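> Numbering (my numbering), first residue to last: 404 to 804.
Virtual Cβ for every residue (Gly too), placed ideally from N, Cα, C.
Since this is a predicted model, take the numbers as computed values, not measurements.
One structure is given below, represented as structure tokens, and several questions about it will come after.
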Ligand SMILES: Cc1cc2nc3c(=O)[nH]c(=O)nc-3n(C[C@H](O)[C@H](O)[C@H](O)COP(=O)(O)O)c2cc1C
Ligand SMILES: [Fe+2]
Ligand SMILES: [Fe+2]
């Protein structure tokens, strides 16, 4: 892809990845793709900021060569050690014999353990500046956004913030790299939320801290290492991040995420009745079929909405495994303080409800109601299901007034 000058002497030299199916080996991006945004400052000093995943090495090195000889590089800034931004470092290191790596002190031993590099590594302090002639880089340590060694880099004259994972999104760049030239802006907003909840949300308190740290610096452009560059309205993504980070307390909006699974359709039939009830009470409901929807797409709804309804049958004296897997992931991702209700079918002695109750305690979710039934739901059961949905929705309405 041709490189693009984003500010005088500062170039986006990123690459799109349309090959990887699972980001971090977990999160599907087959449909969406992802970009590894890397930046090159072509001034008195030549500085590379963040790299690309190793499978994109050829393309990445070609991008650099559009601007300068790789051997001319003076600095390589590593904001973050995750290999989607450093995978090409081993080779780059050999091709750029004059370059010094700039990273946090916490990243230095990781540069050695990931790439065997011990020389020409210069740790930078929080708030330290490096003069590049016309331009100046200032470093802000932002631990746990996303790993403990992470930092952001700020170029003072152009007011450009290279934020790495923060403010990024899934989604390959489709023709344009800026937020003001798109007709599918909503796609990137949605992917920014999915990325946030999948990757960053667990560290929301550190996100809030990082945003506070940056509060006094004037930002004209946010140049993250995935997805769109925020040039038209950088404050928009900062505001969204603040909102999303606040939701770590579990207090979401007045809406319901209804997640269900079913082996032979009994729980599924009840799901429709429950959803009707919720809708009748005037509360929005987002419905996900666990069998067909990757968790990655369900987590954002769970993050945003206060209410959760789980529909899952009993399976081998316990809960339908796909529901268990989702609940386990919620635990790992610290999705807590939700209001939850459970329904499900069983065949003989049940057990699904018992396991759900354990998970609710573990997650600190308030279990407000349960509805279990044997085999196929009768018409009477379905009416109860409708009522169960209505009651849950009403409770949400009253609780969040
Ligand atoms: C593999 C399998 C394991 C099951 N294990 C139990 C069980 O341990 N206890 C129970 O009460 N029912 C058990 N059942 C019965 C189901 O819970 C029952 O058929 C229920 O109606 C299934 O709901 P569904 O149609 O939504 O899948 C099991 C069913 C299957 C297929
Ligand atoms: Fe990361
Ligand atoms: Fe990343």
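(1) Cβ of residue 420 within 7 Å of any heavy atom in ligand 3?
(2) Sort 775, 673, 636 and 660 by Cα distance to residue 563 and report the nearest one.
(3) Could you pull out every unbroken alpha helix (DSSP H) segment of at least 4 residues lying fully inside the region 596-632, listed in chain order?
(4) Please return the same chain residues whose Cβ sits closer than 8 Å to the Cβ of residue 624, not counting the five positions on each side in sequence.
(5) Going by DSSP, what residue range makes up the alpha helix (DSSP H) through residue 795?
(6) Which value, in whole angstroms, describes the spacing of the CA atoms of residue 494 and residue 477?
(7) Mind checking which residues open and close the beta strand (DSSP E) that includes residue 692?
(8) Please check the pair residue 370 and residue 727, which I expect to be a contact at CB under 8 Å, by giving their CB distance rounded to whole angstroms.
(9) Could you check which residue in 484, 446, 432 and 417 has the C-alpha nearest to that of residue 461?
(10) Around the Cβ of residue 586, are there at least 16 other Cβ atoms within 10 angstroms (buried) or fewer (exposed)?
(11) Thinking just about the alpha-carbon of each residue, which of 772, 800, 798 and 516 is nearest to the one in residue 787?
(12) Let me know the secondary structure DSSP gives residue 523 once reduced to three states.
(13) Can you have a look at residue 421 and say buried or exposed, based on whether 16 or more other CB atoms are within 10 angstroms of its CB?
(14) Would you call the region 509-517 and the region 591-600 touching, i.e. three or more CB-CB distances under 8 Å?
(15) Hey, out of 470, 629, 451 and 433, whose CA is closest to residue 406's CA?
(16) Is there at least one non-hydrogen atom of ligand 2 closer than 7 Å to the beta-carbon of residue 568?
(17) Please list the terminal residues of the continuous alpha helix (DSSP H) segment that includes residue 700.
(18) Looking only at its chain, what residues have a beta carbon closer than 7 Å to the beta carbon of residue 720, apart from the 5 residues adjacent to it on each side?
Taking the geometry as given:
(1) Here residue 420 corresponds to residue number 17 of the chain shown, with the count starting at 1. Because no heavy atom of ligand 3 lies under 7 Å away, the Cβ of residue 420 does not count as near it: no.
(2) By one-based count along the chain shown, residue 563 stands at place 160. Cα-wise, what sits closest to residue 563 is 636.
(3) Segments of the alpha helix (DSSP H) lying fully in the region 596-632: 607-617.
(4) Here residue 624 refers to the residue found at position 221 when the chain shown is read from its first residue. Closer than 8 Å at the Cβ level, and outside the excluded window around residue 624, lie 409, 410, 561, 562, 563, 564, 632, 633, 634 and 637.
(5) Taking the first residue of the chain shown as position 1, residue 795 is located at position 392. Here the alpha helix (DSSP H) through residue 795 covers 782-802.
(6) Walking along the chain shown from the start, residue 494 turns up at place 91. Walking along the chain shown from the start, residue 477 turns up at place 74. The C-alpha of residue 494 lies about 16 Å from the C-alpha of residue 477.
(7) Mapped onto the chain shown, residue 692 falls at position 289. Annotation for residue 692: the continuous beta strand (DSSP E) segment containing it runs 688-692.
(8) Lying before the first or after the last residue shown, residue 370 is absent from the chain, which here runs from 404 to 804.
(9) Counting from one through the chain shown, the residue named residue 461 turns up at place 58. The closest CA to that of residue 461, considering only 484, 446, 432 and 417, is found on 417.
(10) Taking the chain shown and counting its residues from 1, one reaches residue 586 at position 183. Exposed.
(11) Counting from 1 along the chain shown, the entry for residue 787 is found at position 384. Shortest Cα-Cα distance from residue 787 to any of 772, 800, 798 and 516 involves 772.
(12) Translated into positions along the chain shown, residue 523 becomes position 120. Residue 523 falls in the coil class under three-state DSSP.
(13) As a working mapping, residue 421 is identified with position 18 in the chain shown. Flag for residue 421 reads exposed.
(14) By the criterion of at least three beta-carbon pairs nearer than 8 Å, the region 509-517 is not in contact with the region 591-600.
(15) Position 3 of the chain shown holds residue 406. By alpha-carbon distance to residue 406, the top candidate from 470, 629, 451 and 433 is 470.
(16) Looking up residue 568 in the chain shown gives position 165. Within the chosen limit of 7 Å, ligand 2 reaches the beta carbon of residue 568 through at least one heavy atom.
(17) By one-based count along the chain shown, residue 700 stands at place 297. 698-707 is the span of the alpha helix (DSSP H), which, as asked, contains residue 700.
(18) Taking the first residue of the chain shown as position 1, residue 720 is located at position 317. Taken in chain order, the residues that qualify are 754.
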